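Which chain is which? The protein sequence lines are A and B, in order.
To convert a position in the first sequence, counted from 1, into my numbering, add 82.
To convert a position in the second sequence, counted from 1, into my numbering, add 15.
Beta carbons: idealized from backbone N, C-alpha and C, even for Gly.
Note that this is a predicted model, so its numbers are computed, not measured.
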Amino acid sequence: MIQKLLPFLTLIALFAGLSIASPSFLTTSNLSSVIRQTAVIDIMALGMTVIIIAGGIDLSVGSVMALAGLLGCMVVNREVSIPLGMFAGILAGLACGFINGLATTQLRINPFIVTLGTLGIFRGVALILSNGLPVNVSVPSFQYVAQGNLLGIPFVLWILLICAAAIHVLLEHTRLGRHAFAIGSNPEAALYAGINVSRVTTAAYMIGGAMTGLAGMIGASRLMAGQPTAGQGYELQAIAAVVIGGGSLRGGEGSVVGTLVGAFIMGLLSNGSDLLGISPYVQQAIIGAIIVFAVWVDELRKRRVA
Amino acid sequence: MLVELRGIEKHFGGIRALRNGNLSVQAGEIHLLMGENGAGKSTLMKILAGMIAPDAGQILFKGEPISFRKPVEASAVGIAMVHQESLLAPHLTVAENIFLGREPKSRFGIVDRKRMMASAKALLEEHQFPLDAERLVETLSPAGKQLVEICRAIQHGSSVLIFDEPTSSLSNAETDAVFRIVLRLRERGMGVIYITHRLEELRSIGDRVTVLRDGQTVHTGDLSGLTTAQLIQHMVGRDVHATFHRNSVTPGAELLRVENLSRTPLLRDINFSVRAGEIVGIAGLIGAGRTELCRCLFGLDPINSGRIFIAGNETRMRSPRHAVQAGMALVPEDRQRAGLAKMLPINQNITMAALDRVSRFGLLNHAEERRLGSQQAAQLRIKLSSINQLAGRLSGGNQQKVVIAKWLVRGARVFLFDEPTRGIDVGAKAEVFETMSQLARDGAGLVMVSSELPELLQMADRILVMRQGRLVGELPGRTTQEEIMYLAAGSSEVSR
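Here's what the structure looks like:
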């Protein structure tokens, strides 16, 4: 039980510790900047949670983010419509997820390899489409997505909360979600139970892709540009958030709350290091150590079941 | 005494696996270790083999106190274990597995593959094991893998050998081969400890027996003075009928008909039917095609030709999904691998195949799901602390009941049971049989594949016998083991 709560307690301790250590931590401006900085990873990690629960992995999300952000920005410029652009970005992510899912289930290749390949392919496509140059957005109001406030709260926080609620409902309260858990827990038992394993797995990658597409548009809004080189290395941060929050790379385990806690732990560590003047090099090492520690604690818990 | 275990205690977290485990084995005896699942047999043997450390108690080897921190230390003094689950390297050959860690080396420290292969072949021949030393272990059946495990253990030149249910996955001919080996080892003065569930095996080989119950040694003594009923009573601590007799019901309409089904070269021209209320047994040696038949019927493997009818309607089994939708259920041979999601709660395992019963518009009704799960668990008498308990924490028999409960919730009409009693204890076995009988009474049609002939004779209305992918005969339920074996082995092999 204590092991399950450990990520939670870590987050609370971190929050309390930083509040005491740095007077500028517990301020509205700092906290909303933390939210704005981490929203991209948070939303990506929500999608990754679904994929990992279904027993998969997606290494291509960083590239998908760049490609979706790029295409979305192109649509924003052409149609002068932010909703249409957002929609296009999400759709692009969905399509990338569909490709990942199809390759995994129909060609029966290990998802690690499939998405390692599409990591290169999607990035390549983004670079080809943009000629390697950022697509600057000419519609000024686009920056509202990442920078605006709604009812005094950062707009991205609203997006994050809605996504979190939606993914939570999907995982815990729908048949699709339950099937994802079943497949991740034991793909063969799921097949024997008559579950359409290919379809559910593909759906998981598509949900992950859509979330990544949305994250790509938020990232683009922050920069007011679609960057073909955006999101490099983000896949590892998204996976780390899921794992720190109790998700299992063997599949069948994970939760929205856990993933958010994991993402916030990483976000606070990064913010806290900045406030306390700790070098970003040290930050990386700390986060790496926390990942290993989190997985070890989780292993201890699981060994008693197997 | 060759080896003695005294007052062994072991806890896993809050669970007490052993509280007073005692066992003494002499040189040149076959000592049976019995008890229900969860009685602590495997734990006690793992302690003897150095795989886990006891919390309290003493191990004496040839009168000297000894303690092991690692399995290597136990095997160094000559204690080896043949494991229940396969601990082999699947991508290596039979020979490489037998000599894993002690490969014969040539002068420059390079593995002498020729010598290794030759020694392996000699060993297999000596014990008359039907195995090819050059084959990859991953291509072997569970029985074949077990034989490799046994070879590996006896090759070490041990003085104490522990068999953890070596025959639970073996056919009768292979079981006999194992017994011959065990008897030969006894002649050589080894102490053999033999964990088993199969009561009918005992008489033929055991000298003495130790019975464990709830982590305690409750009986030790000569086997000859003990009746089977007494043994069972020691094991369960209550009266259980050793044999349970099923009352057949009058069969109803035809539920399953198979016409000219072939999947060459594994299955050829299979024809049979199952009616409502019937239990049709399928007997045969390992490799006769029984599991393959179940897989084809359930849509796991494609067929070359033939037709399958469910309740009179021809059904194409393109995937298990089609089979499940048509009302078919499979309780697989390897339940850990294919039947159960161990890391999910019992409840979610039970409803896995029938989420439409507990959901509306794709949204799950958790309260309804718990109600349905609890109801099934109670009906099948699944022993659990909570319906939200992880399925992997249940004993083998209760896990099997969870798999059955899954299909009951789904409302399946045709059940395929592939080795339904594999690795479950006497009490749970009777309950699984009772559940199967109840299914038949409720009008389901059952196919029961089993290597345990007494169990087939007890349960089946008719017994179909398979040999080399063909159905070679049909016998009435009240036939004899000899009749079945005669058909299953073919007359030539029986006379050999």
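| Item | Value |
| --- | --- |
| Range covered by the alpha helix (DSSP H) that runs through T197 (chain A) | 193-212 |
| Neighbouring residues, chain B, relative to A271 (chain A) (Cβ below 7 Å) | A353, G354, L355, A356 |
| Beta carbon proximity, K25 (chain B) to chain A, threshold 8 Å | no |
| Interface residues of chain B facing T186 (chain A) [CB-CB closer than 7 Å] | Result: empty, since nearest Cβ-Cβ is about 17 Å, beyond 7 Å. |
| Any non-hydrogen atom of the ligand ATP within 7 Å of G492 (chain B) CB | Annotation note on the ligand ATP: not contained in the displayed structure, which lists no ligands. |
| Distance CB(T495 (chain B))-CB(E467 (chain B)) smaller than 8 Å | no |
| L107 (chain B) versus P119 (chain B): straight-line alpha-carbon distance, rounded | 16 Å |
| Between the CA atoms of G93 (chain B) and I360 (chain A) - distance to the nearest angstrom | 57 Å |
| Residue from B:A298, B:A393, B:R350 whose Cα sits closest to the Cα of L471 (chain B) | B:A298 |
| Which of helix, strand or coil DSSP assigns to F97 (chain A) | helix |
| Reference V207 (chain A), options A:A292, A:S142, A:E381, closest by Cα | A:S142 |
| Residues that S374 (chain B) contacts on chain A, provided the C-beta gap is smaller than 7 Å | R257 |
| Cα-Cα separation between T283 (chain A) and G138 (chain A), rounded to whole angstroms | 8 Å |
| Chain A contact for Q170 (chain B) (CB, 8 Å cutoff) | no |
| Per-residue burial, I361 (chain B) [other beta carbons within 10 Å of its own, 16 or more giving buried] | buried |
| Boundaries of the beta strand (DSSP E) in which S320 (chain B) is found, first to last residue | 320-325 |
| Runs of alpha helix (DSSP H) lying entirely within the region 37-66 of chain B, each at least 4 residues, in chain order | 56-63 |
| Validate contact between the region 141-160 of chain A and the region 316-333 of chain A using beta carbons, cut 8 Å, 3 pairs | yes |
| Beta carbon proximity, L271 (chain B) to chain A, threshold 8 Å | no |
| DSSP three-state assignment for S288 (chain B), whether helix, strand or coil | strand |
| Beta-carbon proximity list for F144 (chain B), same chain, < 6 Å, skipping 5 on both sides | L162 |
| Beta-bridge pairing of R223 (chain B) - partner residues as DSSP gives them | B:H46, B:D237 |
| Contact between the region 113-122 of chain A and the region 252-267 of chain A (3+ Cβ pairs under 8 Å) | no |
| Paired residues, beta bridge with E126 (chain B) - DSSP | Per the sequence shown, residue 126 (chain B) should be read as Val rather than Glu. BP columns for V126 (chain B) point to B:K120. |
| Helix, strand or coil at Q404 (chain B) [DSSP, three-state] | coil |
| Assigned secondary structure, S374 (chain B) (DSSP; H/G/I helix, E/B strand, else coil) | strand |
| Inter-residue Cα distance where the pair is L215 (chain A) and L209 (chain A) | 8 Å |
| Residue closest to L59 (chain B), alpha-carbon to alpha-carbon, out of B:E111, B:S239, B:L75, B:I23 | B:I23 |
| Assumed close pair A103 (chain A), Q309 (chain A) - CB separation to whole angstroms, cut-off 8 Å | Not a contact, Cβ separation roughly 34 Å. |
| 8 Å Cβ cutoff, R160 (chain A) in contact with chain B | no |
| Within chain A, partners of K421 (chain B) - CB distance below 7 Å | A275 |
| Neighbourhood of L242 (chain A) by C-beta, 7 Å cutoff - its chain only, sequence neighbours within 5 removed | A121, D124, I125 |
| Per-residue contacts from Q390 (chain B) into chain A (C-beta, under 8 Å) | Within 8 Å Cβ-Cβ: nothing; Q390 (chain B) doesn't reach chain A, min ~19 Å. |
| Which listed residue (B:I113, B:G426, B:E141) has its alpha carbon closest to that of M132 (chain B) | B:I113 |
| Inter-stretch contact (C-beta, 8 Å, three-pair minimum) for the region 264-275 of chain B and the region 324-334 of chain B | yes |
| For P266 (chain B), the nearest candidate out of B:G78, B:G252, B:S288 (CA to CA) | B:S288 |
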